Ligand code: NA7
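In the numbering used here, the protein residues as written are 154 to 692.
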């Protein structure tokens, strides 16, 4: 049995920063990581074209000034290989790997109330004991592989974008099929199209995709950001999504201006690239008529780019813009002008089954040599639910979360003392630059654990009252927006068995940070502590 103060599950960006901060505060912490390397989702998602949709100089750690100055990003939006190199660099710079146990999958975690600690067991039976257990398991880390009829009969190669092999895959001369046109599919399709002999894309829903406008960063831009990093960080942390866009957030309603002005604003944002388009007007995510004006602008762009009219119409999304996370791309729509690329809609005619040579939909067999599943993730709750977590009174977290992701502040769950989730459901997490949200959660959790050490407290637990009222707040805010209107992974709608519930907190980064701060200032309002050594069951 290995004893630690803190066990962290996952060595992605959240886990690495936690380890660094906990060690700095003098805690004996260990990360358990199932992969053979750091990086989390950026280790596994190595499909062709994989890239972050937040600008590189903002998708980076802000806790160390020297790190900020020494790491040199090469492109406006970082590619997966570069992000992984960055993660490895951070791990070696802060000597993190000596406290990371790789190739170790956590199977269960059991809270021993009488001892005020967690007993953590891996799939090989190894056991760890720690007062605190922190789930840094990521929001987009468990791949969703739909149960297609007869998939096991298909004799060709099968890949999932979220579990891509470490060795590059060469599609030259092959007939390739892609299922899924979310962010991963939209990034992979243009790159695979350049290699493959024939590429067939199977689309259930069309996504809105904005041009990334990716390009190399100039030395001047890099130096300019480095010289003003603090200013950029401050501005980002005061912004709704934790990110600074080229175009400022426009506080006007789309109805405040003429049609000509609307179109000019949209055009400028389109040319600027990236998700800044979402902030063209303040009401795009609040009013469906406003949203429709932006949606139609994008549809018209698709109609202009894609030459074949039938394909262009199939690519035009029918959902509201941005109620699913918008994608950003490089040459996505233009790829459909290639002779070797075709689009098949499976919206009205779902995939019936797979065969040895391909798949059947609408009574037609499509044959291919390789299949790419770009079918997304069991987002936000999947990784935590995959671990058998047993709290007070043998309650299982996976059972509780099968009905909805009960939580307080996205940081803790009633009934599970001394367990924290980093950027969990109920926090802004996936609606923001997640590096900013990770930074705030890691600081909050580390401060909390340090406070408990100072006060000689043995356990902390969210109260049921605070949890209930937090869930109401999360739901109320989501209800003001258009987010709940479409079948997104934010709602768990992509996984048939998941309860439909808008999981992230949609109130923005500054407001959320303020709430977390005032919880601390009010003596950790909504949490209940027990002194060290106490086994009291009073709640
Ligand atoms: P997404 O955004 O969840 O996209 C998954 C895609 O796969 C989407 O087009 C789905 O269609 C499609 N899908 C999922 N299940 C099926 C089935 N059963 N049949 C056909 N098509 C299916 O995942 P991504 O990996 O692209 O991106 C996730 C996030 O990572 C992204 O938002 C960025 O934040 C980074 P649907 O839309 O559900 O009809």
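We treat Cβ as the ideally placed atom computed from N, Cα and C, and that holds for glycine.
Here the structure is a predicted model, which means the values were calculated and not measured.
Taking residue 652 as the reference, which of 332, 640 and 658 has the closest Cα?
That would be 640, whose Cα lies nearest to the Cα of residue 652.
I need the straight-line Cα distance from residue 681 to residue 611, nearest angstrom please.
When rounded, the distance between both Cα atoms is 11 Å.
So, with DSSP's three-state summary, where would you put residue 443?
Helix, per DSSP.
Counting only runs of 4+ residues fully inside the region 454-522, write out the alpha helix (DSSP H) ranges in chain order.
Counting only runs of 4 or more, we get 462-468 and 485-488.
For the beta strand (DSSP E) holding residue 157, just list the boundary residues, first then last.
That run of the beta strand (DSSP E) goes 155-162.
Kindly identify the DSSP beta-bridge partner or partners of residue 530.
For residue 530, which the question treats as bridged, DSSP gives the partners 296.
Going straight from the alpha carbon of residue 691 to that of residue 553, what length do you get?
Because residue 691 sits at a pLDDT of 39, beneath the cut-off of 50, its placement in the model cannot be relied upon, and the following sentence gives the value as read from the coordinates. Approximately 21 Å between the Cα atoms of the pair.
Apply the 10 Å Cβ neighbour rule to residue 586 and answer buried if 16 or more other Cβ atoms are within range, or exposed otherwise.
Its Cβ being crowded by 16 or more others within 10 Å, residue 586 is buried.
Select from 207, 636, 425 and 265 the residue whose C-alpha is nearest the C-alpha of residue 542.
The residue with the shortest Cα to Cα distance from residue 542 is 265.
Using only the alpha-carbon positions, how far apart do residue 657 and residue 579 sit?
Straight-line Cα distance between these residues: approximately 5 Å.
The alpha helix (DSSP H) spanning residue 605 covers which residue range?
Its alpha helix (DSSP H) spans residues 587-607.
For a quick check, are the C-beta atoms of residue 574 and residue 288 less than 8 Å apart?
For residue 574 and residue 288, yes; Cβs fall inside 8 Å.
I need the straight-line Cα distance from residue 171 to residue 456, nearest angstrom please.
Residue 171 and residue 456: Cα-Cα distance of roughly 47 Å.
At a threshold of 7 Å, does residue 530 count as lining the ligand NA7 (C-beta to nearest heavy atom)?
Yes, the Cβ of residue 530 comes within 7 Å of a heavy atom of the ligand NA7.
Would you mind sorting residue 605 into buried or exposed? The rule is 16 or more other CB atoms within 10 Å of its CB.
Buried, by the Cβ-count rule.
State the DSSP-derived secondary structure class of residue 318, mapped to helix, strand or coil.
It is coil, neither helix nor strand.
Note down, in chain order, each residue of its chain lying with its Cβ closer than 7 Å to the Cβ of residue 210, except the 5 sequence neighbours on either side.
Within the same chain, residue 210 has close Cβ partners 226 and 378.
For the ligand NA7, I want to know if residue 642 counts as a neighbour, meaning its beta carbon is within less than 7 Å of at least one of the ligand's heavy atoms.
Yes, Cβ of residue 642 sits closer than 7 Å to a heavy atom of the ligand NA7.
Rounded to whole angstroms, what's the CA-CA distance from residue 472 to residue 431? Just pull it up for me.
Distance between the alpha carbons of residue 472 and residue 431: 15 Å.
Starting from residue 540, trace the alpha helix (DSSP H) in both directions and tell me its first and last residue.
Looking at the DSSP string, residue 540 is not in any alpha helix (DSSP H), and its letter there is neither H nor E.
Take the Cβ of residue 325 as the centre, count every other Cβ of all protein chains shown within 10 Å, and call the residue buried at 16 or more, exposed below.
Per the 10 Å Cβ criterion, exposed.
Could you check how far apart the C-beta atoms of residue 530 and residue 297 are, in whole angstroms? I think they sit under 8 Å.
Right, their Cβ atoms sit about 5 Å apart.
Would you decide whether residue 316 is buried or exposed? Buried here means 16 or more other CB atoms lie within 10 Å of its CB.
By the neighbour-count rule (16 or more Cβ atoms within 10 Å), residue 316 is not buried but exposed.
Could you give the distance in angstroms between the alpha-carbon of residue 477 and the alpha-carbon of residue 272?
Rounded to whole angstroms, residue 477 to residue 272 spans 38 Å at the Cα level.
Work out the CA separation of residue 524 and residue 660 for me, nearest whole Å.
The straight-line gap from Cα to Cα measures roughly 39 Å.
Looking only at its chain, what residues have a beta carbon closer than 8 Å to the beta carbon of residue 514, apart from the 5 residues adjacent to it on each side?
These residues qualify, in order along the chain: 355, 497, 499, 502, 503, 504 and 505.
Return yes when the C-beta of residue 237 is under 7 Å from any heavy atom of the ligand NA7, and no when it is not.
Checking the Cβ of residue 237 against the ligand NA7 gives no.
Does the distance from the CB of residue 303 to the CB of residue 507 come in under 8 Å?
Contact: yes.
Assuming residue 290 and residue 536 are in contact, meaning their beta carbons sit under 8 Å apart, how far apart are those beta carbons, in whole angstroms?
Indeed they touch by this definition, with Cβ atoms about 4 Å apart.
Tell me residue 271's beta-bridge partners as DSSP assigns them.
Partner(s): 264 and 283.
Between residue 647 and the ligand NA7, is there a pair consisting of the residue's CB and a ligand heavy atom that are separated by less than 7 Å?
Residue 647 Cβ: within cutoff of the ligand NA7.
Please report how far the alpha carbon of residue 673 lies from the alpha carbon of residue 572, in whole angstroms.
Between residue 673 and residue 572, the C-alpha separation is close to 17 Å.
Count the other CB atoms within 10 Å of the CB of residue 561; is the residue buried (16 or more) or exposed (fewer)?
By the neighbour-count rule (16 or more Cβ atoms within 10 Å), residue 561 is buried.
Comparing C-alpha positions only, which one of 276, 277 and 262 sits nearest to residue 270?
Checked all of 276, 277 and 262; the closest Cα to residue 270 is 262.
Could you give the DSSP three-state label for residue 341: helix, strand or coil?
Helix at residue 341.
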